[in-house]
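With positions in the sequence shown counted from 1, the corresponding number in my numbering is that position plus 8.
Glycine included, every Cβ here is placed at the ideal spot set by N, Cα and C.
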Amino acid sequence: MVAYQYDKALRLAALINENDAAYTFAYDDSDRLIEEKRIDQLTRRFSYNLGGHLTQVEETGYSEKGERPQRSTHFERDPVGRLLAKLNDDARQDFTYDDSDRLLSTQRTPTDGGRKIGVTAEKLEFAYDILGRLKQESSPQGTLAYEYDPLSNLTTLTLPTGQHLNHLYYGSGHLHQLNLDGQLISDHGARRPAPRDLPHAGKTHQLLRLRRPWPQDLAVRNHTAR
């Protein structure tokens, strides 16, 4: 059974699990979370700018040898609070936007320490149609292209291989079928074929796993970091 404890301002102060181990939380006068302590003894502290946007996360861990490893992540923002850069010991990640606040690119540049543990440089670029929908996404793995119907349902995802992942709908946008260049992947009420039944299945599934989050998803993450 999980128990919850609240402070005088009715903010969640502790979450206690069935083993009596507790997560604890502390806040500033503006109700912003400034400290979180977890049951694994990881402590996270949060700092904000005058606009209330997150600018720093300090993490202190705990090892079986009693060591207290630390990790710091810094967030750079523009005057309106958009995330411009995220920096830690492993890499720097920069973000650019268009005049409509849509994410145009992200670029990761590893530090010397990051390179030693396998972090690589990478740039993602995004393009949109006149309705603001994502139409193209480019990465070192290739380019993804998106096509939509008049209701803005995604109809075709073109993979870097040139293959087309087609989405069929019924009604106002209920997904009915997925097919890869006509080869059925899934159909409402139909048996879904095993990956081995699909042509070029291994390569295609690798490409689908390489698909990046939509800029809208990234924007959500950026806002949660504010």
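**Q.** Bounding residues of the beta strand (DSSP E) (the contiguous stretch that carries R123)
**A.** Against the sequence shown, residue 123 aligns to sequence position 115. Looking at the DSSP string, R123 is not in any beta strand (DSSP E); the run it does join, the alpha helix (DSSP H), is 120 to 124.
Q) Apart from the five residues on each side of it in sequence, which residues of its chain come closer than 7 Å, Cβ to Cβ, to G181? A) Numbered from its first residue, the sequence shown carries residue 181 at position 173. The residues are L159, N161.
Q) Taking C-alpha atoms, which residue in S147, D102, L165 lies nearest to L186? A) Taking the first residue of the sequence shown as 1, we reach residue 186 at position 178. The option with the nearest alpha carbon to L186 is L165.
Q: Return the CA-CA distance between P5 and E130, expressed in angstroms with no decimal places.
A: Residue numbering for the chain in the displayed model covers 9 to 234; residue 5 lies beyond these limits and cannot be assessed.
Q. CB-CB under 7 Å to D106, same chain, minus the five flanking residues each way: which ones, in chain order?
A. Locating residue 106 in the sequence shown gives position 98, where the first residue counts as 1. Closer than 7 Å at Cβ, skipping near neighbours: L112.
Q) Per DSSP, what kind of secondary structure is I42 in: helix, strand or coil? A) For the purposes of this step, residue 42 is taken as the residue at position 34 of the sequence shown. Three-state DSSP puts I42 in a strand.
Q: Measure the beta-carbon distance from Y70 to Q49 and round it to whole angstroms, keeping in mind my assumption that it falls under 8 Å.
A: If you number the sequence shown from 1, residue 70 lands on position 62. If you number the sequence shown from 1, residue 49 lands on position 41. Separation of the CB atoms of Y70 and Q49 is rounded to 4 Å, and the pair is thereby assigned contact status at 8 Å.
**Q.** 8 Å CB neighbourhood of R76 in its chain, flanking five on each side removed
**A.** Mapped onto the sequence shown, residue 76 falls at position 68. So the qualifying residues of the chain are T68, G69, Y70.
Q | DSSP three-state assignment for R199, whether helix, strand or coil | A | By one-based count along the sequence shown, residue 199 stands at place 191. Caution is warranted here: a pLDDT of 44 is assigned to R199, below 50, making its placement in the model unreliable, and the coordinate value is therefore given only provisionally. In the structure shown, R199 sits in coil (DSSP, three-state: anything other than H, G, I, E or B).
Q: Grab me the residues of H82's own chain with a C-beta within less than 6 Å of its C-beta, minus the 5 sequence neighbours each way, in chain order.
A: Your numbering for residue 82 matches position 74 in the sequence shown. Same-chain partners within the cutoff: Q64, L95.
Q | Terminal residues of the beta strand (DSSP E) in which Y154 lies | A | Counting from 1 along the sequence shown, the entry for residue 154 is found at position 146. 150 to 156 is the extent of the beta strand (DSSP E) around Y154.
Q. Between L91 and R85, which are expected to be in contact by the criterion C-beta below 8 Å, what is the C-beta distance as a whole number of angstroms?
A. Taking the sequence shown and counting its residues from 1, the one referred to as residue 91 is at position 83. Taking the sequence shown and counting its residues from 1, the one referred to as residue 85 is at position 77. Their Cβ separation, rounded to whole angstroms, is 6 Å, which keeps L91 and R85 in contact under 8 Å.
Q: May I ask you to list the residues that DSSP assigns as paired with R76?
A: Taking the sequence shown and counting its residues from 1, one reaches residue 76 at position 68. The beta-bridge partner set that DSSP reports for R76 is empty.
Q | Y14 versus Y35 - alpha carbon distance | A | On the sequence shown, residue 14 is found 6 positions in, with the first residue counted as 1. On the sequence shown, residue 35 is found 27 positions in, with the first residue counted as 1. Going by the C-alpha atoms only, they are around 12 Å apart.
**Q.** T104 vs L132 beta-carbon contact at 8 Å
**A.** On the sequence shown, position 96 is the one that residue 104 refers to. On the sequence shown, position 124 is the one that residue 132 refers to. No; because the gap between Cβ atoms is not below 8 Å, this pair is not in contact.
Q: Please report how far the alpha carbon of E155 lies from the alpha carbon of L183, in whole angstroms.
A: To locate residue 155, count along the sequence shown from 1; it is residue 147. To locate residue 183, count along the sequence shown from 1; it is residue 175. Distance between the alpha carbons of E155 and L183 is about 15 Å.
Q: Mind checking which residues open and close the beta strand (DSSP E) that includes K143?
A: The residue you call residue 143 lines up with position 135 of the sequence shown. 142 to 147 is the span of the beta strand (DSSP E), which, as asked, contains K143.
Q) Going straight from the alpha carbon of H175 to that of G190, what length do you get? A) One-based indexing of the sequence shown puts residue 175 at position 167. One-based indexing of the sequence shown puts residue 190 at position 182. Going from the Cα of H175 to the Cα of G190 covers about 10 Å.
**Q.** In DSSP terms, what N187 is bridged to
**A.** For the purposes of this step, residue 187 is taken as the residue at position 179 of the sequence shown. DSSP lists N174, L192 as partners of N187.
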